[in-house]
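One rule links them: number in this note's numbering = place in the sequence shown (from 1) + 37. I have placed the structure first, in the form of structure tokens, so that the comments after it can refer back to it.
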Amino acid sequence: MNELVKSLPSPTLAGLQLPCLQEQHKGWLFKWTNYLKGYQRRWFVLSNGLLSYYRTQAEMGHTCRGTIPLATAHIEVGDTCHLVLTSGGRSYHLKAMSEAECQRWITALQQAKTNATLLMHHSDDSGDEGPGPQDDRGLTQGVLKSLASKLDDLSTCNELIGKHGAALQRSLSELEELRGSADNTDRVKAVNERATLFRITSNAMINACRDFLDVAESHSRRWQKALHHEREQRHHLEETIEQLAKQHNSLERAWRESPSSYTGVEEGDASDENDEAEFFDAMEESPAFITVTTSGETQHKRSGSSQSMMSGGVPSDWTHHENGTNHMQLRRIRRSRIPDKPNYSLNLWSIMKNCIGKDLSRIPMPVNFNEPLSMLQRLTEDLEYSELLDRAARCDSSLEQMCLVAAFSVSSYSTTVHRTAKPFNPLLGETYELDRQEEFGYRSICEQVSHHPPAAAHHVTSQRGWSLWQHITIDSKFRGKYISVMPLGNIHLQFHSSGNHYVWSKVTSTVHNIIVGKLWIDQSGDIDIVNVTTKDTCRLKFSPYSYFSREVPRKVTGVVEDRDGTARYILSGTWDEKMESSKIVDSSPGGGGSEGKQKTVYQTRQPKLLWKKYPLPENAENMHFFSSLALTLNEPEEGTAPTDSRLRPDQRLMEEGLWDEANAQKQRLEERQRLERKKREAQANQALEEGQDIEGYQSMWFEKRTEETTGETIYVYKGGYWEAKDRQDWSQCQEIF
Numbered sequence: 038m039n040e041l042v043k044s045l046p047s048p049t050l051a052g053l054q055l056p057c058l059q060e061q062h063k064g065w066l067f068k069w070t071n072y073l074k075g076y077q078r079r080w081f082v083l084s085n086g087l088l089s090y091y092r093t094q095a096e097m098g099h100t101c102r103g104t105i106p107l108a109t110a111h112i113e114v115g116d117t118c119h120l121v122l123t124s125g126g127r128s129y130h131l132k133a134m135s136e137a138e139c140q141r142w143i144t145a146l147q148q149a150k151t152n153a154t155l156l157m158h159h160s161d162d163s164g165d166e167g168p169g170p171q172d173d174r175g176l177t178q179g180v181l182k183s184l185a186s187k188l189d190d191l192s193t194c195n196e197l198i199g200k201h202g203a204a205l206q207r208s209l210s211e212l213e214e215l216r217g218s219a220d221n222t223d224r225v226k227a228v229n230e231r232a233t234l235f236r237i238t239s240n241a242m243i244n245a246c247r248d249f250l251d252v253a254e255s256h257s258r259r260w261q262k263a264l265h266h267e268r269e270q271r272h273h274l275e276e277t278i279e280q281l282a283k284q285h286n287s288l289e290r291a292w293r294e295s296p297s298s299y300t301g302v303e304e305g306d307a308s309d310e311n312d313e314a315e316f317f318d319a320m321e322e323s324p325a326f327i328t329v330t331t332s333g334e335t336q337h338k339r340s341g342s343s344q345s346m347m348s349g350g351v352p353s354d355w356t357h358h359e360n361g362t363n364h365m366q367l368r369r370i371r372r373s374r375i376p377d378k379p380n381y382s383l384n385l386w387s388i389m390k391n392c393i394g395k396d397l398s399r400i401p402m403p404v405n406f407n408e409p410l411s412m413l414q415r416l417t418e419d420l421e422y423s424e425l426l427d428r429a430a431r432c433d434s435s436l437e438q439m440c441l442v443a444a445f446s447v448s449s450y451s452t453t454v455h456r457t458a459k460p461f462n463p464l465l466g467e468t469y470e471l472d473r474q475e476e477f478g479y480r481s482i483c484e485q486v487s488h489h490p491p492a493a494a495h496h497v498t499s500q501r502g503w504s505l506w507q508h509i510t511i512d513s514k515f516r517g518k519y520i521s522v523m524p525l526g527n528i529h530l531q532f533h534s535s536g537n538h539y540v541w542s543k544v545t546s547t548v549h550n551i552i553v554g555k556l557w558i559d560q561s562g563d564i565d566i567v568n569v570t571t572k573d574t575c576r577l578k579f580s581p582y583s584y585f586s587r588e589v590p591r592k593v594t595g596v597v598e599d600r601d602g603t604a605r606y607i608l609s610g611t612w613d614e615k616m617e618s619s620k621i622v623d624s625s626p627g628g629g630g631s632e633g634k635q636k637t638v639y640q641t642r643q644p645k646l647l648w649k650k651y652p653l654p655e656n657a658e659n660m661h662f663f664s665s666l667a668l669t670l671n672e673p674e675e676g677t678a679p680t681d682s683r684l685r686p687d688q689r690l691m692e693e694g695l696w697d698e699a700n701a702q703k704q705r706l707e708e709r710q711r712l713e714r715k716k717r718e719a720q721a722n723q724a725l726e727e728g729q730d731i732e733g734y735q736s737m738w739f740e741k742r743t744e745e746t747t748g749e750t751i752y753v754y755k756g757g758y759w760e761a762k763d764r765q766d767w768s769q770c771q772e773i774f
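Now the structure itself:
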């Protein structure tokens, strides 16, 4: 009897006990917004593993200012009443009104994080479809595990019923044979005991069945209701966008019939997007500066083109120059144009209507949406203004160096102002090299190290005193009116002489007017640059565009602080034109802000130009608005790896204007990549069944490591590429094209 009781499933332990996902905590906290306004009071709500915040309680019904998923967040307790949440490369600095209130929030956040982590622990993101919200995915996995546990209980009870049922049958047979015998009493006792065991086991079976049915029915109703709601929302959204598309077609027809009557229509479309600006805790007031005129400082500029050299007596694509020892050297002249972009028409609605809410990296797209560069080449294009890092390497002051690093982080967005087309998604194992040692002293290598989610690793080494590396994952969503592209991951920069190590991340890029109106791109969010060696910091704010704002469009502002938190430099400018720095000589309290927060007025010296955008090449509007560097990125190069982006047939055909042929090649490459992925999955499943170790995809030139300064897991260059190029030994490379 005791053995049976031990073997039966416990009603309290059977199955996974799911953590409660109901609303746990809410109240006021102070959130750090920017260096000019400091901490601002916000209403926070902790519910279902998510921490959301609003400007006021009244906003809860319509405007959420931000949401932090706790399952992937890092919670750090700071000084008195302070705590820091880090999620997706962004840090949220919060402050409670008292130590007791702070402790209550910390307890609630840690408990919510534990519950959310438990729910997402067994989730699987390897499918072709994009994952659902983190809390729903974790809840689904928890329910499935609970149902599986109940099935195990039922299986156990079934075995016991069969065992004890057979024993009861034998006892009854023996009892028939022993009628009138002296042993009859003992046999009857044994039969009664076995009948009792059978009854207990049957009851346990019935209870386990009832539990299984209850769990399945309750969650089935919940999922059916959620599915019905999502279907209604999608149907409503499709009808709305289709109506907008029809209106757009009507406007186009009317404009073609009478263009003079519709001048300026496209310019007005941007006003529809002002509601998106509410999402950000943007600066509502400009900082007040008192400028003290000082002696002018020399500004260093580099020519906008590397081709301003004399040529003669050498081949047309090479020129010569004399170095310090009067030795003649040949320097290659890079190309300055590509074929003009064809004027292809496209039914945008027929393609995009089925993409709402999905990750665009998982959706087959025609090349009509692309520009003839891969994401690896776009990543390398961040080096357009590498001379800023050359100047920074020569700085003696870490604070002045920080200003130049900040200007470099902004400069990478200047090439995107007219670039609304998407780059090609690299194939797994695709690489891209850029050797500019002769011209600018650096060599760069990129590799696509993951396909789902798409991730690229990048490493640059410069002979002029710096190294840069990054591991970037791209998350993109189509929301109907706009596409948001969120780069996840940190950029690392280290200067060789000083050892100063800088870390920062990228902001969100948004392409507006996808269905109706003229496409335009905006950058918004914050960049926090940290010198992990000296503890100097810089926060850059990219203000989102608003039709009703009086601010300069594409505005960027920032403050550089030393390790003690003292503001030392003010940065200002725009991400598409220039950045300036002003050294702070004094500060004083100013007037009150919009929410009663006192502003600080900085007295600064005359602004110093840090960076200015190069002019675009002639005819750039017909060449995808490529910069001088971008025009050279896909130029054929001898001796590159067979996996280099320059060798992609679909990308090359698109550049040459053969878009129909490019689409056919693109479909062939994507189908081949899907077959390769299925083959790897089948091999992994077979190894799992045979009890062997499963070895996932291994990148060629990068390996996964833990970054010492930040503790993040990233892909780091392991060496060997340039040596293989010198030997022209590419035997280890896969055939991907």
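We put the CB at the ideal spot given by N, CA and C, even for glycine. Just so we're clear, the structure is a prediction, and the values are computed from it rather than from any experiment.
Candidates the options, of which the one nearest residue i by Cα
i	options	result
residue 582	260, 590, 576	590
residue 422	248, 408, 443, 433	443
residue 565	71, 520, 693	71
residue 666	505, 528, 749, 374	374
residue 405	696, 725, 614	696
residue 155	743, 107, 705, 118	107
residue 84	225, 640, 267, 62	62
residue 570	191, 768, 576, 530	530
residue 763	719, 700, 677	677
residue 551	516, 381, 543	516
residue 244	195, 265, 221	195
Span of the alpha helix (DSSP H), counted from its first residue to its last, around residue i
i	result
residue 722	696 to 726
residue 97	Per DSSP, residue 97 belongs to no alpha helix (DSSP H) and is neither H nor E.
residue 665	665 to 670
residue 758	758 to 764
residue 523	Not the alpha helix (DSSP H): residue 523 falls in the beta strand (DSSP E), residues 519 to 525.
residue 686	686 to 692
residue 545	Note, residue 545: premise wrong, no alpha helix (DSSP H); beta strand (DSSP E) at 545 to 549.
Residue j beta carbon less than 9 Å from that of residue i
i	j	result
residue 485	residue 492	yes
residue 773	residue 637	no
residue 510	residue 525	yes
residue 182	residue 248	no
residue 371	residue 669	yes
residue 36	residue 403	The requested residue 36 does not occur in the structure, where the chain is confined to residues 38 to 774.
residue 537	residue 435	yes
residue 549	residue 519	yes
residue 645	residue 614	no
residue 413	residue 495	yes
residue 643	residue 623	no
residue 369	residue 475	yes
Whole-Å CB distance - residue i paired with residue j, under 8 Å assumed
i	j	result
residue 502	residue 532	6 Å
residue 281	residue 553	5 Å
residue 69	residue 76	5 Å
residue 648	residue 448	5 Å
residue 460	residue 505	Going by Cβ atoms, the distance from residue 460 to residue 505 rounds to 20 Å, so no, they are not a contact pair.
residue 133	residue 139	4 Å
Contact test: residue i Cβ vs the ligand MN heavy atom, cutoff 8 Å
i	result
residue 523	This structure simply doesn't include the ligand MN, nor any ligand for that matter.
First and last residue of the uninterrupted beta strand (DSSP E) at residue i
i	result
residue 493	492 to 499
residue 450	Taken as a continuous stretch (DSSP letters only), residue 450 belongs to no beta strand (DSSP E), as it is neither H nor E.
residue 129	127 to 132
residue 565	557 to 568
residue 673	Note, residue 673: premise wrong, no beta strand (DSSP E); not H, not E.
residue 574	574 to 579
residue 510	503 to 515
residue 604	604 to 611
Any C-beta of chain D under 9 Å from that of residue i
i	result
residue 639	Chain labels in this structure do not include chain D; a single protein chain is all it has.
Legend entry - Sufficient close CB pairs (3 or more, under 8 Å) joining the region 648 to 662 to the region 438 to 458: yes
Inset, instruction - Check whether the region 591 to 603 touches the region 436 to 449, taking contact to mean three or more Cβ pairs, one atom from each stretch, closer than 8 Å. - result: yes
Legend entry - the region 728 to 744 contacting the region 752 to 759, beta-carbon criterion three pairs below 8 Å: Three or more Cβ pairs closer than 8 Å define a contact, and the region 728 to 744 meets that threshold against the region 752 to 759.
Inset, instruction - Determine contact between the region 190 to 209 and the region 225 to 233, defined as no fewer than three beta-carbon pairs at a distance below 8 Å. - result: Enough Cβ pairs lie closer than 8 Å, so yes.
Legend entry - Touch test, the region 107 to 117 against the region 89 to 97, Cβ-Cβ under 8 Å, three pairs minimum: Judged by Cβ distances under 8 Å, the region 107 to 117 makes no contact with the region 89 to 97, as fewer than three pairs qualify.
Inset, instruction - Tell me, please, whether the region 134 to 152 touches the region 72 to 88 by the rule of three or more beta-carbon pairs shorter than 8 Å. - result: yes
Inset, instruction - Say whether the region 458 to 469 touches the region 671 to 685, bearing in mind that this needs 3 or more beta-carbon pairs closer than 8 Å, one atom from each stretch. - result: A contact is defined here as three or more CB-CB pairs under 8 Å, and the region 458 to 469 meets this definition with respect to the region 671 to 685.
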